[in-house]
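First up is the structure itself, then whatever we jot down about it.
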Ligand code: FES
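Numbering (our numbering), first residue to last: 119 to 202.
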């Protein structure tokens, strides 16, 4: 699920009820990661299918490529994402 928070785009993933938030812009060519398919813990970019672990933000093919991840918690029914 894509979220726009300020000037930041976030991809929010729900893995078996556990939420993970990561940078929503793919480092390959700027694809919208939040619109990608989620297979287990793997988020697949909808443009050219680069894959990222939504828990770590690390690309499955090249561990030197990653997107930022952000802490998420739920308080009083609200999803809180800590963005630096
Ligand atoms: S823009 Fe994401 S794989 Fe190309």
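Cβ atoms here follow ideal geometry from the backbone N, Cα and C, with glycine treated the same way. As the structure is a computational prediction, the values presented were derived from the model and not from experiment.
Bridge partners of residue 121 according to DSSP: 128.
When only Cα atoms are considered, residue 138 and residue 189 end up about 7 Å apart. For residue 157, the enclosing beta strand (DSSP E) stretches over residues 155 to 157. Contact annotation: the stretch 154 to 169 does not touch the stretch 186 to 200, with fewer than three C-beta pairs closer than 8 Å. Cβ neighbours of residue 153 within its own chain (closer than 7 Å, five residues either side excluded): 120, 164.
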